[in-house]
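Step one of this worksheet: look at the structure below.
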Amino acid sequence: MKLQEMLNIKYPLIQGGMAHIATGKFAAAVSNSGGLGVIGSGGFTAKELRDEIETCLKLTDKPFGINILLLHREIEEISDIVCEYGIKILTTGAGNPGKYIDKWKAHNIKIFPVISSKALAIRMEKLGVDGVIAEGQEAGGHIGELGTIVLVNEVANSLSIPVIAAGGIASGKQLLAVEALGAVGAQIGTCLLPAIECPIHDDYKEKIINAKSSQVTVIGRINGLPVRLLKNEMTRKYIECEKNGAELQELEQMTLGALRRAVKDGDMINGSIMCGQVVGEVNLRRKLVDILDGIYSEYLNAKEKLCAKQN
């Protein structure tokens, strides 16, 4: 089944549920532009999430979803909220959604866990989810170990439910590539950061627009919590502390509130400037509708050219 038909959207593109970025207003703008907007529960209290949902409902009549962090301290209330508001699409991360599957299914909610391995994908299918988002380590933020090409191929070959690719996708050619691996669409994030409608600080947008892919690094590998982001003074100090055997508590203090500082305050020195490896291809401020339409138009053109070469 095509993702557009499954979710009733124009383009097979899902917006990542980026903490502090994926607000109700932003999700509505993505949905109004033809993709699936997603409100990220990370960074919001349960009460604040209610407000974001209310905002989204006022701004769009198109489908939108919620990204649920299963380690959220108010997860039980958040689970109730999505049912109360009749949310029909959930993406999940940071935990196992098994405890909530039956409840969400009883409310006709489609569930798409973000996974980073074939084994986890198989477990999710057995739980009865509607599809999985296979996120490769090229992605921004918290990452796994496998690259997108390897992961998507393994997962698509192992499941009978739809697979959505994520990590390193910002163009139509990349969308076509993951389709060839068996994906029905893509979750995107980094390429949306410079969007006019994106609520991040202008200094964050400028960093993204001017960044090269070689300026992206990963912190947290040593403690098993890898995060991909742009290099700055904070990442330099963090990596130095990691090499010197710093305690986990000390490292956590260095990143506490760092994403919010980057997103809201424009702290490009000690903030966490999360983005994926594809950042080097993201160099224009555009409206969301132009970004999404551009990706899909390039995808169609690339597919046509590729098919023509085979004839």
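My numbering puts the first residue of the sequence shown at 523, with every later residue one more than the last.
Even glycine gets a Cβ: it sits at the ideal position worked out from N, Cα and C.
Keep in mind the model is a prediction, meaning the values are calculated, not measured.
Say whether chain B places a C-beta atom closer than 7 Å to the C-beta of LYS621.
Of the protein chains in this structure there is only one, and it is not chain B.
Entirely enclosed alpha helix (DSSP H) segments - the region 743-770, minimum 4 residues:
755-765
From LYS580, GLY669, ILE603, GLU826, residue whose alpha carbon lies closest to that of THR567
The count along the sequence shown starts at 1 and reaches residue 567 at position 45. The candidate whose alpha carbon is nearest that of THR567 is ILE603.
If you check the beta carbons only, do THR739 and THR712 fall under 7 Å apart?
Numbered from 1 along the sequence shown, position 217 holds the residue referred to as residue 739. Numbered from 1 along the sequence shown, position 190 holds the residue referred to as residue 712. Against a cut-off of 7 Å, the Cβ pair of THR712 and THR739 comes out as no contact.
With a CB to CB cut of under 8 Å and the five nearest residues on each side skipped, what residues in its chain are close to LEU806?
Along the sequence shown, read from residue 1 onward, the residue named residue 806 stands at position 284. Only PRO716, ILE731 meet the Cβ criterion.
Should TYR622 and ILE575 be called a contact, given that it needs their Cβ atoms to be closer than 7 Å?
Stepping through the sequence shown from its first residue, residue 622 is reached at position 100. Stepping through the sequence shown from its first residue, residue 575 is reached at position 53. No, they are not a contact pair.
Can you name the start and end residues of the alpha helix (DSSP H) that LYS584 belongs to?
As a working mapping, residue 584 is identified with position 62 in the sequence shown. First-last for LYS584: undefined, no H or E at that position.
List the DSSP bridge partners of ASN589.
Position 67 of the sequence shown holds residue 589. ASN589 pairs with GLY562, THR613.
Below 8 Å on the Cβ atoms is my contact criterion, and I expect SER638 with GLU660 to pass it. Report the Cβ-Cβ distance as a whole number of Å.
Mapped onto the sequence shown, residue 638 falls at position 116. Mapped onto the sequence shown, residue 660 falls at position 138. About 12 Å separates the two Cβ atoms, so there is no contact after all.
Tell me the DSSP secondary structure of MET796 in three-state form.
Taking the first residue of the sequence shown as 1, we reach residue 796 at position 274. MET796 falls in the strand class under three-state DSSP.
Strictly by DSSP, which residues pair up with PHE548?
By one-based count along the sequence shown, residue 548 stands at place 26. Answer is none; PHE548 lacks a bridge partner.
Quick check on GLU596: does DSSP put it in helix, strand or coil?
Along the sequence shown, one-based indexing puts residue 596 at 74. Three-state result, GLU596: coil.
Please work out which residues of its chain come closer than 6 Å, Cβ to Cβ, to GLY793, disregarding the five sequence neighbours upstream and downstream, and give them in chain order.
Along the sequence shown, one-based indexing puts residue 793 at 271. So the list reads ALA780, ARG783, ALA784, once near-sequence residues are dropped.
CB-CB length for LYS547 against LEU581, believed under 8 Å:
Locating residue 547 in the sequence shown gives position 25, counting from the first residue. Locating residue 581 in the sequence shown gives position 59, counting from the first residue. With 8 Å as the limit, LYS547 and LEU581 qualify as a contact, their Cβ atoms being about 6 Å apart.
Extent of the continuous beta strand (DSSP E) to which GLN709 belongs
The residue labelled residue 709 in the question sits at position 187 within the sequence shown. First-last of the beta strand (DSSP E) with GLN709: 707-710.
Cβ-Cβ distance between GLY562 and GLY587 below 7 Å:
Your numbering for residue 562 matches position 40 in the sequence shown. Your numbering for residue 587 matches position 65 in the sequence shown. Contact flag unset, no.
For ILE631, which of GLU772, ASN679, MET790, LYS610 has the nearest alpha-carbon?
Start at 1 with the first residue of the sequence shown, and residue 631 comes out as number 109. Cα-wise, what sits closest to ILE631 is LYS610.
Would you mind sorting GLN775 into buried or exposed? The rule is 16 or more other CB atoms within 10 Å of its CB.
Your numbering for residue 775 matches position 253 in the sequence shown. Exposed is the call here.
Taking 6 Å as the limit between beta carbons, can you name the residues of its chain near ILE536, skipping five residues before and five after?
For the purposes of this step, residue 536 is taken as residue 14 along the sequence shown, with counting starting at 1. Around ILE536: LEU558, GLN709.
Local conformation of GLU657 per DSSP, three classes:
Looking up residue 657 in the sequence shown gives position 135. Strand at GLU657.
So, ASP652 versus ILE665, is the Cβ gap smaller than 7 Å?
The residue you call residue 652 lines up with position 130 of the sequence shown. The residue you call residue 665 lines up with position 143 of the sequence shown. Their beta carbons are not under 7 Å apart, which means ASP652 does not touch ILE665 by this criterion.
Assuming ALA643 and VAL654 are in contact, meaning their beta carbons sit under 8 Å apart, how far apart are those beta carbons, in whole angstroms?
Numbered from 1 along the sequence shown, position 121 holds the residue referred to as residue 643. Numbered from 1 along the sequence shown, position 132 holds the residue referred to as residue 654. About 5 Å; that satisfies the 8 Å criterion.
For GLY663, write down the residues that DSSP places opposite it in a beta bridge.
The residue labelled residue 663 in the question sits at position 141 within the sequence shown. Its beta-bridge partners are ARG750.
Under the DSSP definition of a beta bridge, which residues are partnered with THR777?
By one-based count along the sequence shown, residue 777 stands at place 255. In DSSP, THR777 forms no bridge with anything.
Starting from ALA699, trace the beta strand (DSSP E) in both directions and tell me its first and last residue.
Position 177 of the sequence shown, counted from the start, is the residue given in the question as residue 699. Taken as a continuous stretch (DSSP letters only), ALA699 belongs to no beta strand (DSSP E), being part of the alpha helix (DSSP H) at 694-702.
Assuming the contact rule is C-beta atoms closer than 8 Å, LEU529 and PRO585 should be a hit. Round their C-beta distance to whole Å, please.
The sequence position of residue 529 within the sequence shown is 7, counting from 1. The sequence position of residue 585 within the sequence shown is 63, counting from 1. Correct: roughly 6 Å between the Cβ atoms.
For the 8 Å Cβ check, are there 3 or more pairs between the region 816-832 and the region 720-734?
no
Report the partner residues of PRO517 according to the DSSP bridge assignment.
The structure shown does not extend to residue 517, since the chain spans only 523 to 833, so no value can be given for it.
Can you tell me the Cα-Cα spacing of VAL812 and SER555, whole angstroms?
The residue labelled residue 812 in the question sits at position 290 within the sequence shown. The residue labelled residue 555 in the question sits at position 33 within the sequence shown. Note that residue 812 is Asp in the sequence shown here, rather than Val. Taking the straight line from one Cα to the other gives about 8 Å.
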